[in-house]
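Engineer:
Residue numbers (this note's numbering), protein chains in the order written: chain A, 1 to 282; chain B, 283 to 791.
1. Could you tell me which uninterrupted alpha helix (DSSP H) segments, each at least 4 residues in length, are contained entirely in the region 739-785 of chain B, listed from first to last along the chain?
2. Anything in chain A within Cβ reach of residue 561 (chain B), meaning under 8 angstroms, just list it in chain order.
3. Less than 8 angstroms between the beta carbons of residue 508 (chain B) and residue 522 (chain B), yes or no?
4. Are any of the Cβ atoms in chain A nearer than 8 angstroms to that of residue 388 (chain B)?
5. Residue 336 (chain B) touches chain A at which residues, Cβ-Cβ below 7 angstroms?
6. What does residue 371 (chain B) reach in chain A if we use C-beta pairs closer than 8 angstroms?
7. Starting from residue 135 (chain A), follow the beta strand (DSSP E) in both directions and report where the run begins and ends.
8. Determine whether the beta carbon atoms of residue 349 (chain B) and residue 289 (chain B) lie at a separation below 8 angstroms.
9. Quick check: the Cα distance between residue 106 (chain A) and residue 257 (chain A), rounded to an integer number of angstroms?
10. Counting contacts by CB-CB distance shorter than 8 angstroms, is residue 123 (chain A) in contact with chain B?
11. At a Cβ threshold of 8 angstroms, is residue 185 (chain A) touching chain B?
12. Can you give the beta carbon distance from residue 454 (chain B) to residue 387 (chain B), rounded, assuming they're within the 8 angstroms contact cut?
13. The beta strand (DSSP E) with residue 604 (chain B) in it runs from where to where?
14. Residue 173 (chain A) versus chain B: which residues are under 7 angstroms apart at the beta carbon?
15. Could you tell me how far apart the beta carbons of residue 60 (chain A) and residue 227 (chain A) are, in whole angstroms, since I believe they sit closer than 8 angstroms?
16. Closest Cβ-Cβ distance between residue 275 (chain A) and chain B: below 8 angstroms?
17. Going by DSSP in three states, residue 666 (chain B) sits in which element: helix, strand or coil?
18. For residue 343 (chain A), which residues of its own chain have a beta-carbon under 8 angstroms away from its beta-carbon, when the five flanking residues on both sides are left out?
19. If I follow the unbroken alpha helix (DSSP H) through residue 524 (chain B), where does it start and stop?
20. Verify the CB distance criterion: does residue 604 (chain B) have a CB-CB separation below 8 angstroms to chain A?
21. Between residue 596 (chain B) and residue 582 (chain B), which are expected to be in contact by the criterion C-beta below 8 angstroms, what is the C-beta distance as a whole number of angstroms?
22. State yes or no: is the C-beta of residue 749 (chain B) within less than 8 angstroms of the C-beta of residue 684 (chain B)?
23. Give me the residue from B:709, B:692 and B:644 with the minimum Cα distance to residue 666 (chain B).
24. Just to confirm, are residue 476 (chain B) and residue 465 (chain B) a CB contact at a threshold of 8 angstroms?
25. What did DSSP end up calling residue 363 (chain B) once you bin it into helix, strand or coil?
26. For the alpha helix (DSSP H) holding residue 671 (chain B), just list the boundary residues, first then last.
27. With 8 angstroms as the C-beta to C-beta threshold (strictly closer), list the residues of the region 382-410 of chain B near chain A in chain order.
28. Take the Cβ of residue 533 (chain B) as the centre, count every other Cβ of all protein chains shown within 10 Å, and call the residue buried at 16 or more, exposed below.
29. Touch check for the region 318-326 of chain B and the region 499-517 of chain B: three-plus C-beta pairs under 8 angstroms?
30. Would you list the one or two residues that DSSP bridges to residue 554 (chain B)?
31. What's the C-alpha gap between residue 736 (chain B) and residue 570 (chain B)?
32. Would residue 282 (chain A) count as contacting chain B if we go by Cβ distances under 8 angstroms?
33. Quick check: residue 156 (chain A) and residue 189 (chain A), are their CB atoms within less than 8 angstroms of each other?
34. Which residues in the same chain as residue 169 (chain A) place their Cβ atom closer than 8 angstroms to its Cβ, once the five residues preceding and following it in sequence are excluded?
35. Ordered along the chain, which non-local residues of its own chain (more than five positions away) have a Cβ less than 6 angstroms from that of residue 47 (chain A)?
36. Please confirm if residue 341 (chain B) has its CB atom under 8 angstroms from at least one CB of chain A.
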């Protein structure tokens with residue numbers, strides 16, 4: 001009995017630690033006080049103010065654009081890489097696996113700094129121009145996410161019965177059809193989690209963004225500002241912008257809604273009656 | 283060249299992986315509607331052959347003809363051949379119905395159409411949903427799974443998955459169905475059931491089945507034709523009855539069914555000598571030819587010993603196992619074992635008379651490559667006894683890195699002592715490693731030359747000792763039959779292999 005109570009308390013404590021800060025944040029998004037943690041009366045004002053703040057909106061747009069584009073590119077390259085590696089010879093396989101492992105454990109600052117040095121070098125000697133732009137930023141984020149995509153797709157391939165691809169060929173599928181109709185559905189969960197992981201990594205990345213960004217996207221001729229660089233720039237001069245509280249609340253709620261919608265959809269699909277197109281019902 | 287009605291023909295097929303030939307000189311014609319089984323131990327090339335027929339591997343040499351057309355280089359998805367894979371390879375993201383429908387949805391069939399100029403042209407179209415549904419339902423009915431079409435693959439038992447795999451293959455109405463050890467993952471009872479069902483399916487569908495297995499019983503039960511393979515080569519092709527009754531060599535005999543296999547020598551017209559006894563037989567081989575003899579356990583007749591006749595072959599019952607319908611006895615005849623199946627109960631230790639009907643002695647030609655003595659043993663002086671005569675031999679070769687200590691025990695690298703006294707070994711001596719002399723020497727084994735055969739540039743000479751053991755040697759000189767000779771074997775030329783595990787001989791301190 002005592003054991004049970006302690007177990008319960010433990011679980012609730014952990015949940016509290018995880019979600020209390022978020023709940024506090026949500027509460028404080030309804031007050032205008034500049035100093036964090038001060039309550040100056042209930043108001044919705046931060047929300048309209050958020051949407052009127054051009055700098056934050058621009059940064060948000062940039063962040064989302066960079067996250068989506070880089071996640072798409074990283075997912076595509078990472079998946080192809082994982083499939084290619086899986087079907088390649090043992091030595092190549094080992095080599096590639098080793099190198100991707102290194103980039104996962106590698107400190108982000110090392111990636112960021114080495115990319116910068118390389119871009120400066122290329123700009124000076126190859127392109128004879130300043131090359132920092134959206135493209136260098138994109139490359140940075142793709143490099144960051146790529147090994148994670150590879151790592152989430154690989155186990156799905158390993159779980160797959162290797163003769164499944166051959167079975168598809170045997171049943172009349174061309175190699176490309178076999179890949180899209182059999183191998184792809186099998187590794188899709190891995191690809192999706194790789195994609196989501198890439199988005200998350202890109203969304204809150206600061207170091208690589210700060211080192212590799214140039215002009216472009218919504219920032220026009222100025223340096224691309226993302227949420228993380230914007231907050232960093234603002235708190236250098238003063239307090240955290242009050243609108244950020246409203247923004248982070250919205251982001252959290254969006255994520256929660258997303259998760260709920262997905263699980264509802266899954267449940268529904270599982271319970272749905274199957275439709276056999278050619279069936280003539282008696 | 284090909285048989286009539288031949289659906290698939292493999293001609294001189296060879297497959298090399300890296301430096302090793304996995305399949306060598308494979309020639310086989312398979313008749314339409316036949317149930318053919320490739321039988322052999324793992325690594326004998328049977329699966330590789332199947333994969334070449336399916337199109338997953340391309341032969342290094344040779345051709346594969348389907349209905350007379352060369353399909354050697356045609357990819358698997360263009361062959362009218364379907365496979366049931368060893369671990370089924372079902373698609374887990376699809377349910378039972380969609381797994382079975384997979385091939386049909388990709389299939390295109392020709393149909394006639396009138397174009398705008400009024401000409402009839404042939405075009406390809408996909409099957410309609412109605413056509414697919416009809417075929418899937420029929421295939422699921424054949425494998426008895428029509429109730430489970432909505433189930434996910436992961437919720438099915440092994441036997442059910444097996445049926446899905448079969449349905450998925452036969453629904454495409456292939457000309458040939460390949461089955462790669464399809465029952466390997468099932469338990470014994472399920473396997474027996476599926477064997478009968480597969481056989482029944484084969485009868486109903488009329489499709490040619492090519493079946494791969496290492497289970498000889500499965501092969502015997504199901505096949506019209508069995509192809510026995512060893513090290514990538516065909517050993518024998520025949521009906522189950524032929525292969526069981528008339529194995530072409532000791533390997534086939536050993537692989538199919540239980541058998542007693544002995545080294546034997548032809549000692550007269552239709553007379554063969556093994557177990558130190560001359561038997562009448564029905565096969566006529568040249569006199570003094572070394573042969574292998576196979577006797578099935580059920581063909582050995584046991585009777586009471588007749589005290590008066592000394593000519594009878596007798597043995598002592600060593601072990602007895604009750605097998606339901608019969609008893610299985612192992613009878614020791616000298617150092618040889620004879621396995622016998624007999625319905626009458628006898629006691630261990632009884633002396634029985636052994637008889638074998640001439641037609642039940644299957645004699646097979648043997649290529650002599652070395653003198654092999656399967657009933658040699660080691661005496662207490664670490665000498666090897668061949669034909670009851672002690673030869674000096676290097677017994678340390680039995681255990682790599684070992685040596686003999688002063689007490690005569692074999693000492694391994696790890697310091698363990700082994701007492702090899704009375705250990706049964708197989709001794710092998712090359713045909714060129716015997717020393718033969720016509721000068722009498724009491725310290726040597728003597729024998730009589732019984733046969734010499736001229737083999738182009740040398741003679742192959744056979745010496746028989748008093749104990750009826752034969753020594754064959756190759757020589758450039760002529761020897762005369764009936765001469766008495768003395769045999770020596772250099773110590774380092776005797777190759778020894780221990781029968782059974784060396785752990786049996788560990789010396790306990």
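Just so you know, even glycine gets a beta-carbon here, dropped at the ideal spot from N, CA and C. Computed from a predicted structure; not experimentally measured.
Structural biologist: The answer reads as follows:
1. The qualifying runs do not exist here; there are none.
2. Indexing the second chain from 1 puts residue 561 (chain B) at position 279. Within 8 angstroms Cβ-Cβ: nothing; residue 561 (chain B) doesn't reach chain A, min ~50 angstroms.
3. Here residue 508 (chain B) refers to the residue found at position 226 of the second chain. Here residue 522 (chain B) refers to the residue found at position 240 of the second chain. Cβ atoms of residue 508 (chain B) and residue 522 (chain B): closer than 8 angstroms.
4. Numbered from its first residue, the second chain carries residue 388 (chain B) at position 106. It does; some Cβ of chain A falls within 8 angstroms.
5. The residue labelled residue 336 (chain B) in the question sits at position 54 within the second chain. Close to residue 336 (chain B), with beta-carbon spacing below 7 angstroms, are these residues of chain A in chain order: 170.
6. For the purposes of this step, residue 371 (chain B) is identified with residue 89 of the second chain, where counting begins at 1. Within chain A, the residues near residue 371 (chain B) are 161, 163, 164, 166 and 167.
7. Against the first chain, residue 135 (chain A) aligns to sequence position 135. Not the beta strand (DSSP E): residue 135 (chain A) falls in the alpha helix (DSSP H), residues 134-159.
8. One-based indexing of the second chain puts residue 349 (chain B) at position 67. One-based indexing of the second chain puts residue 289 (chain B) at position 7. Yes, the Cβ-Cβ distance between residue 349 (chain B) and residue 289 (chain B) is below 8 angstroms.
9. As a first step, residue 106 (chain A) must be located in the first chain, where it is residue number 106. As a first step, residue 257 (chain A) must be located in the first chain, where it is residue number 257. Going by the C-alpha atoms only, they are around 34 angstroms apart.
10. On the first chain, position 123 is the one that residue 123 (chain A) refers to. Output row for residue 123 (chain A): interface = no.
11. Here the question's residue 185 (chain A) lines up with position 185 in the first chain. Residue 185 (chain A) counts as touching chain B.
12. By one-based count along the second chain, residue 454 (chain B) stands at place 172. By one-based count along the second chain, residue 387 (chain B) stands at place 105. Residue 454 (chain B) to residue 387 (chain B), Cβ: 11 angstroms. No contact.
13. Taking the second chain and counting its residues from 1, one reaches residue 604 (chain B) at position 322. Per DSSP, residue 604 (chain B) belongs to the beta strand (DSSP E) from 595-604.
14. For the purposes of this step, residue 173 (chain A) is taken as the residue at position 173 of the first chain. Against residue 173 (chain A), the close residues of chain B are 359 and 388, in the order they occur along the chain (beta-carbon pairs closer than 7 angstroms).
15. Position 60 of the first chain, counted from the first residue, corresponds to residue 60 (chain A). Position 227 of the first chain, counted from the first residue, corresponds to residue 227 (chain A). Correct: roughly 6 angstroms between the Cβ atoms.
16. Here residue 275 (chain A) corresponds to residue number 275 of the first chain, with the count starting at 1. By this cut-off, residue 275 (chain A) is not an interface position.
17. What you label residue 666 (chain B) is simply residue 384 of the second chain in a count that begins at 1. Strand, per DSSP.
18. Since the first residue of chain A shown is 1 and the last is 282, residue 343 (chain A) is not available in this structure.
19. By one-based count along the second chain, residue 524 (chain B) stands at place 242. That run of the alpha helix (DSSP H) goes 522-527.
20. Along the second chain, read from residue 1 onward, the residue named residue 604 (chain B) stands at position 322. Chain A contact via Cβ: absent.
21. By one-based count along the second chain, residue 596 (chain B) stands at place 314. By one-based count along the second chain, residue 582 (chain B) stands at place 300. Contact flag wrong, Cβ pair sits at about 13 angstroms.
22. The count along the second chain starts at 1 and reaches residue 749 (chain B) at position 467. The count along the second chain starts at 1 and reaches residue 684 (chain B) at position 402. Going by C-beta atoms, residue 749 (chain B) is not nearer than 8 angstroms to residue 684 (chain B).
23. For this step, residue 666 (chain B) is matched to residue 384 along the second chain. Out of B:709, B:692 and B:644, the CA that lies nearest to the CA of residue 666 (chain B) is found in B:709.
24. Locating residue 476 (chain B) in the second chain gives position 194, counting from the first residue. Locating residue 465 (chain B) in the second chain gives position 183, counting from the first residue. Cβ atoms of residue 476 (chain B) and residue 465 (chain B): closer than 8 angstroms.
25. If you number the second chain from 1, residue 363 (chain B) lands on position 81. Looking at residue 363 (chain B) - three-state DSSP - the assignment turns out to be strand.
26. To locate residue 671 (chain B), count along the second chain from 1; it is residue 389. For residue 671 (chain B), no alpha helix (DSSP H) segment is defined; the enclosing uninterrupted segment is the beta strand (DSSP E) at 671-674.
27. Of all residues in the region 382-410 of chain B, 384, 385, 388, 389 and 410 have a Cβ within less than 8 angstroms of some Cβ in chain A.
28. Working through the second chain from its first residue, we reach residue 533 (chain B) at position 251. It is buried - the Cβ of residue 533 (chain B) has at least 16 other Cβ atoms within 10 Å.
29. Yes: at least three Cβ pairs fall under 8 angstroms.
30. Within the second chain, the letter at position 272 stands for residue 554 (chain B). Residue 554 (chain B) pairs with B:548 and B:561.
31. By one-based count along the second chain, residue 736 (chain B) stands at place 454. By one-based count along the second chain, residue 570 (chain B) stands at place 288. Each residue's alpha carbon lies about 14 angstroms from the other.
32. The residue given as residue 282 (chain A) occupies position 282 in the first chain. With a pLDDT of 46 at residue 282 (chain A), under the threshold of 50, the modelled position of that residue is not reliable, and the figure given next carries that caveat. Proximity of residue 282 (chain A) to chain B, defined by a Cβ-Cβ separation below 8 angstroms, is not satisfied.
33. Mapped onto the first chain, residue 156 (chain A) falls at position 156. Mapped onto the first chain, residue 189 (chain A) falls at position 189. In contact: residue 156 (chain A) and residue 189 (chain A) (Cβ atoms closer than 8 angstroms).
34. As a working note, residue 169 (chain A) is residue 169 in the first chain. The residues are 175 and 178.
35. Translated into positions along the first chain, residue 47 (chain A) becomes position 47. Setting aside the 5 residues that flank it on each side, residue 47 (chain A) is surrounded in the same chain by 246, each with a C-beta closer than 6 angstroms to its C-beta; the list follows chain order.
36. The sequence position of residue 341 (chain B) within the second chain is 59, counting from 1. Answer no: the Cβ-Cβ gap between residue 341 (chain B) and chain A never drops below 8 angstroms.
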